[in-house]
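Input: a single structure, listed below in structure tokens.
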Amino acid sequence: LARQRKKKVTSVDKSNVLETSRLWRETVTEVSKRYNDVKVEHLLIDAMTMHMLTDSQRFDVILTENMFGDILTDEASVLTGSMGVIPSASISDGSVGMYEPIHGSAPDIAGQNKANPLAMILSAAWMLRLSFGMDTEASSIESAVKSALTENQTTADLGGALSTQQVGSWIAKYVQN
Numbered sequence: 002l003a004r005q006r007k008k009k010v011t012s013v014d015k016s017n018v019l020e021t022s023r024l025w026r027e028t029v030t031e032v033s034k035r036y037n038d039v040k041v042e043h044l045l046i047d048a049m050t051m052h053m054l055t056d057s058q059r060f061d062v063i064l065t066e067n068m069f070g071d072i073l074t075d076e077a078s079v080l081t082g083s084m085g086v087i088p089s090a091s092i093s094d095g096s097v098g099m100y101e102p103i104h105g106s107a108p109d110i111a112g113q114n115k116a117n118p119l120a121m122i123l124s125a126a127w128m129l130r131l132s133f134g135m136d137t138e139a140s141s142i143e144s145a146v147k148s149a150l151t152e153n154q155t156t157a158d159l160g161g162a163l164s165t166q167q168v169g170s171w172i173a174k175y176v177q178n
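To convert, take the position in the sequence shown, counting from 1, and add 1; that gives this note's numbering.
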């Protein structure tokens, strides 16, 4: 993934305290030797949370384990305004991946047509690009989401007045045109 982007990976751990994080850091360092064209930096989770809020543009691909990933994605929602717009990918060595929004299932609004679908839509765009090499299609979806945000064609969590279904329909029409 980093090779397709800015060739920079930030590995996040807690190697100054946790033995598992020391193993993580050793493993990332060893694997990174196979990718000389990719710059790898290591940050402790504490420093990462600070830098993400004060200088988020410095990051591109963030590599971490699940618990720290949960912390960072929740924090990233502060930067975007909602958990409802953040996609996520867990990718293997090849093109196989699992794509999902960072937010949970939101059982409190289940069946009410209120959930923000943008993170799932963006996760699907990532799947098209990263697992299937469909860059044009992924870019079309990403452009549609950007336009929906710009034109306030969003659910209530982002200040809009549309339902889940209405946002999805708006995105679909945008992509078709």
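No residue lacks a Cβ here, since even glycine has one placed at the ideal position from N, Cα and C.
Predicted, not measured: the structure shown is a model, and the values here were computed from it.
What does the alpha-carbon distance come out to for the pair residue i and residue j?
| i | j | result |
| --- | --- | --- |
| valine 18 | methionine 84 | 29 Å |
| tyrosine 175 | alanine 145 | 6 Å |
| isoleucine 87 | leucine 24 | 29 Å |
| tryptophan 127 | isoleucine 46 | 25 Å |
| leucine 43 | methionine 49 | Strictly speaking, residue 43 in this sequence is histidine, with leucine absent from that position. Distance between the alpha carbons of histidine 43 and methionine 49 is about 9 Å. |
| glycine 105 | arginine 35 | 35 Å |
| alanine 77 | serine 33 | 25 Å |
| glutamate 31 | aspartate 38 | 14 Å |
| glutamine 5 | glutamine 113 | 39 Å |
| threonine 137 | alanine 125 | 13 Å |
| glutamate 20 | proline 108 | 36 Å |
| leucine 2 | threonine 55 | 24 Å |
| aspartate 75 | glycine 82 | 11 Å |
| valine 41 | serine 93 | 18 Å |
| threonine 28 | serine 22 | 10 Å |
| asparagine 153 | leucine 159 | 8 Å |
| methionine 51 | arginine 26 | 20 Å |
Using a threshold of 7 Å, state whether the C-beta atoms of residue i and residue j are closer than that.
| i | j | result |
| --- | --- | --- |
| leucine 80 | serine 57 | yes |
| lysine 7 | aspartate 61 | yes |
| serine 89 | isoleucine 110 | no |
| methionine 121 | leucine 129 | no |
| leucine 64 | glycine 98 | no |
| leucine 163 | threonine 156 | yes |
Nearest to residue i by CA position, among the options, is which residue?
| i | options | result |
| --- | --- | --- |
| asparagine 178 | Ile142, Thr156 and Asp38 | Ile142 |
| leucine 123 | Tyr100, Ala107, Phe133 and Pro108 | Tyr100 |
| glutamate 66 | Ser91, Thr137, Pro108 and Gly161 | Ser91 |
| glycine 95 | Phe133, Arg59, Ala107 and Gly82 | Phe133 |
| alanine 1 | Ala173, Asn153 and Ala107 | Since the first residue of the chain shown is 2 and the last is 178, residue 1 is not available in this structure. |
| lysine 9 | Arg59, His52 and Arg26 | Arg59 |
Discussion item. I'd like to know if the segment 163-177 and the segment 110-118 are in contact, where contact means that at least 3 CB-CB pairs between them fall below 8 Å.
Written reply: yes
Discussion item. Threshold first: 4 residues or longer. Then list the alpha helix (DSSP H) segments lying entirely within the segment 15-66, N to C.
Written reply: 20-33 and 46-55
Discussion item. Between the segment 61-76 and the segment 9-23, can you find at least three pairs of beta-carbon atoms closer than 8 Å?
Written reply: yes
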